[in-house]
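In the working numbering, the protein residues as written are 1 to 1250.
Encoded structure:
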């Protein structure tokens, strides 16, 4: 069931008048919705994916920083005329509000459940309500007001710096000799900087130390008091695990860093040293004494992600092996002391299953609920936690965890097992970190006793690594004692300097100063491998977009914002740093590009992993619907935001490239789009594609999007590709729509501003009929006509699975075509919130800001997501592309001024079949003034009336009816001079004779600027009286790839068909007459044939409607010999045919064919030609001449040829030998050597010299 409502706003005053009352009506419409069992409506929110209750939500602008509330003054409920699972409905649906800052604007999100359970237990729907907005009774001081922090220089900006890495916590030693090896000339001044080994907080409100700060060091200078050979420094470094406490389970575990196994610290001699001080020793008498400590041992492998998504990782798999042992061997536990074992496990089983934990007897079991196997919308495993307690009788700390499989298909997983045990404070020669949880208490002074020590042992308080202190100890007879306050948990470490660890890595760090570099509009964060191409893109925007751009590598960002540790929050914190420091909107960052692929596995160093730029992953990983990846995280910059909560404040995009070659290709595509792409009327074409599943809902949604454009922006031309309007075929591979695939491929290859798909999909293809696959995408050759691709479908562009490059990614990565950017999905999504977001995007697509400027892609996505509620569904939409890129919007308008010499301000003549028509117009600005310095070309397309199409109900459902304007009466071009133009043509006989409004679509360019216009009040219909009769069919000339092609020649597997047509009355492309289409019949090597309609691919020549060209891009042709028969009709329905034969050669290696000479025989000079199967722009060519004895008699040295097609030539030869003498008459052989990146080929031909 899919339930839709629309909002009727009955007040017209601004929200600023908060004392007034507002009224909302929800209009519900039932439609079938088979794929997701949820209730939905346009404009709804779905904040809880496990609930099936829709919410009414609204974003309300607030006038100031005060807290406001919603007061419902009247509410009306109605009967729900469908069955609904009442367990999901709320008994008392109360409104909730939340205040947000979005880019400096203050908004309140108002939400209320749209269903309830009444007092009798029946489910009701919300029909209407009235509400007021009022300040709350209590106000927070400076509510949500961000504290501004001015820019400051990074400490890394000056001096020499070296970065060292550690992989475990402890005391580290760096020697004088090490510092010399690192390149320090004055090592006695060394200082160490860092922030520790904990992942940065993901919520902005959490305490966050993201800038490196000094770490206390101990400097050992030996007996001479001079820091030199044999001397060293000591410091405490925290490794990639942090001890954390869980209040829910009252248990401890070691939390691993989520993004690195190595924690980094910085060394420098350009900053003051921070030497370790002794901690103050309390003078009070101790009130707690201990010779024991609490040890936490955590076993957590984190090598299995069940859905390749999210931050939940598991370790051991309990399947063939069902029992694993975990042992705490050192130090020995205190005998008969208590321990805790915190276990988190999961199971994938169709029935209830259990884990059992034993330690010299059974400690207990953990029960796990069954899951629904095969349902991708439910949890893939059941998860449970439990804390067990026991006693260390016999000092045995070995635990066995067993999964009790209820059936052979059940599988168990361990998340972690964390053991908290009590041990004696006995020094054993190794570093001994310790803490005593029992020592904590208000006013507590604790005395610690360490046995088995020696006089070299030191004790440091390392509770805070940036404030580490050396503890005053007393040593006697192998025993150390000391006193310290323990009102909070203190972490100490006992060690001998000789047992200090060594760092695992070091590297010099160039000076950098992101923090002090100033404000920029656009930030590009790139993996170092792609920095060259990121800089190229940045320079492109500096020159052409007039925006300021900063390029920083991931390493540079990590260095300044996470102490060199890879951390997803470091990138967010950098953007937040500039966002908070800005004192005006102009200073605020506006766009962020993540230049590099990402991975759901942010930690692995596997060579095949693609974690070039880190990804934000949701907390959950056991449900495919609730787990997601989202680059929105990097743009949630206000104080009360973070994780996936809030509204993005900047436009964010990602280029999912994983090699320098891919980076170069994508930047080249963006550059081509911005600078030198093919400027033509494809800028005015929008393609909407709708799947036929789920009771036509996807086609209906696609049609709604198209109708919005048709109504509000009629100058744009719509192509509707709705599956069920095409004939479905069923074969061994299942249901297929070959004509839909051909229509999509043709639409892409011929160019469109936007391609928008609604329906089912996955990482490999669109729809279960596989209407678009990777092979289709890689066959696209539209590099100069790139659209924006929008897909409201499931995980079509999942970029973070390094095992697979999704088809959506290839649409961007394809160097020969595809899209310039995608707004696409990365995980499973629901169709109705998809439509909500898609509709919001379409509404913003052609809007402008207050200055009349169109929005860039990042702005469009930011605004769209702000308008699309708070549900996580929108987080699954990612912009794969450049967020600062602006689509090809027109600079000016075009208006039709005269039709058949009559001003359009007056009633115009009807355009009738066989009559000649004349159209005049002008390029105008927004003030309707003719732009007199505009000189160029205008494309004029006359469409016939809209036709009503009824779909075929291929899957047995209900047919759908929609309107489409797809019959082109005429398409031609005219010169624009001083802002005006005129064009003449003949109306074909095959129009629809009924009278109705046609549409004149106009697009113009002067090479740098464009203009767009429409005239849709012209009446078309009837048949006229022609001035003369045309009785001859069109003349037809056919080529492949370029006009050098000859019949029988060779080409690659993706040839471009070129059909040149001429006729005195013009070419008929209306498609209205049965059998009168402009067609190309392709006959395959095996004899079968396929016919392609070329009506919409024909364009008349500039200022001459009697001649023109039709182009059609074939793709994926297998090697073999083909024929093409073209049939064309003129305006008077006279026809003609033309045929060409060609041979397809595979593209994997170079092939040279049809090498010949003209003239032949040769009298004086000769010209040589040959054909190849490649359109590479550079070929190395060498020509040799041999006599009949095989001796070389002449040679043209190797030369580089810059080609423009597949037929190469002429290569000029004067008939002379190498000495300049004419060759004697006779028979000779010419041999050509051709070399390209695909290899080398040789071809030979016989020549005669007269």
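For glycine and all other residues, C-beta sits at the position ideal for the given N, C-alpha and C.
{"Asked": "Cβ-based neighbour list, residue 852, same chain, cut-off 8 angstroms, excluding 5 preceding and 5 following", "Found": "926"}
{"Asked": "Sub-9 angstroms separation of residue 697 and residue 540 beta-carbons", "Found": "no"}
{"Asked": "Where the beta strand (DSSP E) containing residue 868 begins and where it ends", "Found": "Run containing residue 868: none; DSSP gives neither H nor E here."}
{"Asked": "Alpha-carbon to alpha-carbon, residue 905 and residue 1018", "Found": "12 angstroms"}
{"Asked": "Inter-residue Cα distance where the pair is residue 69 and residue 863", "Found": "24 angstroms"}
{"Asked": "Where residue 1159 falls: helix, strand or coil (DSSP)", "Found": "coil"}
{"Asked": "Rounded separation between residue 1159 and residue 1192 - CA only", "Found": "21 angstroms"}
{"Asked": "Proximity of residue 208 and residue 573 at Cβ, strictly below 9 angstroms", "Found": "yes"}
{"Asked": "Residues bridged to residue 772 [DSSP beta-bridge criterion]", "Found": "766"}
{"Asked": "Check whether residue 267 and residue 413 have beta carbons under 9 angstroms apart", "Found": "no"}
{"Asked": "Distance between residue 1116 and residue 1233 (C-alpha atoms, nearest Å)", "Found": "28 angstroms"}
{"Asked": "Beta-carbon proximity check, residue 1063 vs residue 1130, cutoff 9 angstroms", "Found": "yes"}
{"Asked": "contact_flag[the segment 1128 to 1148, the segment 756 to 770] where n(CB pairs < 8 angstroms) is 3 or more", "Found": "no"}
{"Asked": "Distance CB(residue 1092)-CB(residue 742) smaller than 9 angstroms", "Found": "yes"}
{"Asked": "At least three beta-carbon pairs within less than 8 angstroms, the segment 1050 to 1058 to the segment 946 to 960", "Found": "no"}
{"Asked": "Collapsed DSSP secondary structure at residue 400 in the structure displayed", "Found": "strand"}
{"Asked": "Stretch-stretch touch, CB-based, cutoff 8 angstroms, three pairs: the segment 523 to 541 with the segment 204 to 222", "Found": "no"}
{"Asked": "C-alpha gap between residue 360 and residue 396, whole angstroms", "Found": "8 angstroms"}
{"Asked": "Proximal residues to residue 142 (C-beta, below 6 angstroms), its chain only, five neighbours per side dropped", "Found": "The pLDDT assigned to residue 142 is 44, lower than 50, so where the model puts this residue is not dependable; a value taken from the coordinates is nonetheless given after this. Result list for residue 142: empty, nothing under 6 angstroms."}
{"Asked": "C-alpha gap between residue 480 and residue 495, whole angstroms", "Found": "12 angstroms"}
{"Asked": "The segment 181 to 196 in contact with the segment 252 to 272 per 3-pair CB rule at 8 angstroms", "Found": "yes"}
{"Asked": "Which of helix, strand or coil DSSP assigns to residue 778", "Found": "helix"}
{"Asked": "Counted within 10 angstroms of its Cβ, other Cβ atoms place residue 459 as buried (16 or more) or exposed", "Found": "buried"}
{"Asked": "Contacting residues, own chain, Cβ-Cβ under 6 angstroms from residue 505 (five flanking each side not counted)", "Found": "165"}
{"Asked": "Nearest-angstrom beta carbon gap, residue 277 and residue 490 [assumed within contact, 8 angstroms]", "Found": "About 16 angstroms separates the two Cβ atoms, so there is no contact after all."}
{"Asked": "Sequence-distant residues of the same chain with beta carbon closer than 8 angstroms to residue 442, five excluded per side", "Found": "487"}
{"Asked": "Cutoff 6 angstroms; reference residue 859; Cβ partners in own chain excluding five residues on either side", "Found": "651"}
{"Asked": "Segment contact flag, the segment 1087 to 1104 with the segment 988 to 997, C-beta cutoff 8 angstroms, min 3 pairs", "Found": "no"}
{"Asked": "Collapsed DSSP secondary structure at residue 31 in the structure displayed", "Found": "Residue placement at residue 31 is poorly supported in this model, since its pLDDT is 45, which falls under 50; the coordinates still yield a value, given next. In this structure, residue 31 counts as strand in the three-state DSSP scheme."}
{"Asked": "Helix, strand or coil at residue 928 [DSSP, three-state]", "Found": "coil"}
{"Asked": "Simplified DSSP state of residue 1310, which is helix, strand or coil", "Found": "The requested residue 1310 does not occur in the structure, where the chain is confined to residues 1 to 1250."}
{"Asked": "Contact belief for residue 797 with residue 824 at Cβ below 8 angstroms, rounded distance in angstroms", "Found": "4 angstroms"}
{"Asked": "Straight-line Cα distance separating residue 67 from residue 144", "Found": "The pLDDT assigned to residue 144 is 42, lower than 50, so where the model puts this residue is not dependable; a value taken from the coordinates is nonetheless given after this. Each residue's Cα considered, the two are about 9 angstroms apart."}
{"Asked": "Endpoints, the alpha helix (DSSP H) within which residue 160 is located", "Found": "Here residue 160 belongs to no alpha helix (DSSP H), and DSSP marks it neither H nor E."}
{"Asked": "As assigned by DSSP and simplified to three states, the class of residue 146", "Found": "Its pLDDT being 48, under 50, residue 146 is placed unreliably by the model, and the measurement read from it follows with that caveat. Note: residue 146 maps to coil in three-state DSSP."}
{"Asked": "Which listed residue (635, 563, 1024 and 111) has its alpha carbon closest to that of residue 865", "Found": "635"}
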